[in-house]
Amino acid sequence: MPSADFQRPAPREDERIGTRDLAEWRTAAGRFVAGWLVRVAEVLGRLFRWAAANVGLVLTAVVGLVVIGVLTTVSGEVYEDVVDQDGIAALDQPVLDAAVRLRTPDSARWATDFTDLGGTVGMPVIAVVAAVGLALAWRRWMPVVLMAIAAAGSLLLTVTGKDLTGRARPPQSLAVPPYESSASFPSGHTLNATVVLGLTAYLLVIWLPRKRWRTVVIGALGTFIVAMGLSRVFLGHHWLTDVVAGWAIGLGWLATVITGHRVMLTLDRRHPPDPQDA
Numbered sequence: 001m002p003s004a005d006f007q008r009p010a011p012r013e014d015e016r017i018g019t020r021d022l023a024e025w026r027t028a029a030g031r032f033v034a035g036w037l038v039r040v041a042e043v044l045g046r047l048f049r050w051a052a053a054n055v056g057l058v059l060t061a062v063v064g065l066v067v068i069g070v071l072t073t074v075s076g077e078v079y080e081d082v083v084d085q086d087g088i089a090a091l092d093q094p095v096l097d098a099a100v101r102l103r104t105p106d107s108a109r110w111a112t113d114f115t116d117l118g119g120t121v122g123m124p125v126i127a128v129v130a131a132v133g134l135a136l137a138w139r140r141w142m143p144v145v146l147m148a149i150a151a152a153g154s155l156l157l158t159v160t161g162k163d164l165t166g167r168a169r170p171p172q173s174l175a176v177p178p179y180e181s182s183a184s185f186p187s188g189h190t191l192n193a194t195v196v197l198g199l200t201a202y203l204l205v206i207w208l209p210r211k212r213w214r215t216v217v218i219g220a221l222g223t224f225i226v227a228m229g230l231s232r233v234f235l236g237h238h239w240l241t242d243v244v245a246g247w248a249i250g251l252g253w254l255a256t257v258i259t260g261h262r263v264m265l266t267l268d269r270r271h272p273p274d275p276q277d278a
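Be aware that the sequence shown starts at 1, since it is given in the numbering used here, and climbs by one per residue.
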């Protein structure tokens, strides 16, 4: 079987987290998947005369996007079957009812201000600031490239999931204005926050030298992601299961983008640039 466990030089600072080399695949499953992606990327690179590392990143993203898209469609259909049989009373309605009881005018206003950070204006601004800032810190374009791929895929999965399921949002009588009219499943705020902030955390832990600060970053951004999802339920803009789906789909796509980056690093080691071409 093909393997991604190759002989390699010492990794650069932007190719490791602490002492962990990102081009090293420690599990059998990781070596198997990465090995096949590497082999296919090398063949396609020769065929299209494009750098194998770039092909590896794009190939991983495309394959992952297709797989997650299919799983999103299937999960939406399964959920509709559950709704048809049992309705939403088993989980979603009690959680929403509890959120309504806990609301106060002040908490609703604060939650609205916070959830706007995950909207169509707030999250793109966060993505751009994070990508550009990290690119300057790294002195490389890779954070911008990864963020562009991650954000584009996140948007596509959100739009596709909503179009395919068409699930209705909670009643406006239980929601806090401004009201939203798009389909409810999955939660776009949650999915996009998971991807954008999750990738930001990944890039930051590569850049930060101290484990203490890496832990703080993961904890802070992880809390932000969880709070973004819960705020959607608290405000009555989504059912709990919409938010859980947003977390799950977002984590799947985030894992795909990270894997693509690691496959790219692996291929860079196998095909270093020719010094004569520099």
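By construction, the Cβ of each residue, glycine as well, lies at the ideal position given by its N, Cα and C atoms.
Treat the numbers as computed from the prediction; the structure is a model and nothing was measured.
Environment of residue i [buried if 16+ CB atoms lie within 10 Å]
i: tryptophan 213; result: exposed
i: threonine 104; result: exposed
i: proline 209; result: exposed
i: glutamate 15; result: buried
i: leucine 157; result: buried
i: aspartate 106; result: exposed
i: tryptophan 253; result: buried
i: arginine 169; result: buried
Per DSSP, the bridge partner or partners of residue i
i: arginine 16; result: Asp21
Residue i versus the options, residue with shortest Cα-Cα distance
i: leucine 117; options: Leu44, Tyr202, Asn192; result: Asn192
i: threonine 112; options: Gly252, Tyr179, Glu15, Gly161; result: Tyr179
i: arginine 109; options: Arg16, Val176, Thr194; result: Val176
i: threonine 72; options: Ala131, Gly166, Ile225; result: Gly166
i: alanine 137; options: Trp207, Val226, Arg16; result: Trp207
i: leucine 155; options: Ala90, Thr194, Ser173, Arg46; result: Thr194
i: valine 100; options: Val58, Ser173, Leu164; result: Ser173
i: glycine 119; options: Gly133, Phe234, Arg269, Met228; result: Met228
C-beta atoms of residue i and residue j nearer than 8 Å
i: glycine 236; j: leucine 96; result: yes
i: threonine 60; j: valine 196; result: no
i: proline 171; j: glycine 246; result: no
i: arginine 232; j: valine 243; result: yes
i: methionine 123; j: leucine 199; result: no
i: lysine 211; j: glycine 18; result: yes
i: leucine 203; j: proline 143; result: yes
i: serine 184; j: tryptophan 239; result: yes
i: glycine 56; j: valine 38; result: yes
Quiz item: Taking only runs of the alpha helix (DSSP H) that begin and end inside the region 79-153, which ones reach a length of at least 4 residues, in chain order?
Solution: 92-102, 105-115, 122-138
Quiz item: Where in the region 176-260 do unbroken runs of the alpha helix (DSSP H), each at least 4 residues long, occur, reported from the N-terminal end onward?
Solution: 188-207, 211-234
Quiz item: Which whole runs of the alpha helix (DSSP H) in the region 22-50 are 4 residues long or more, in chain order?
Solution: 28-48
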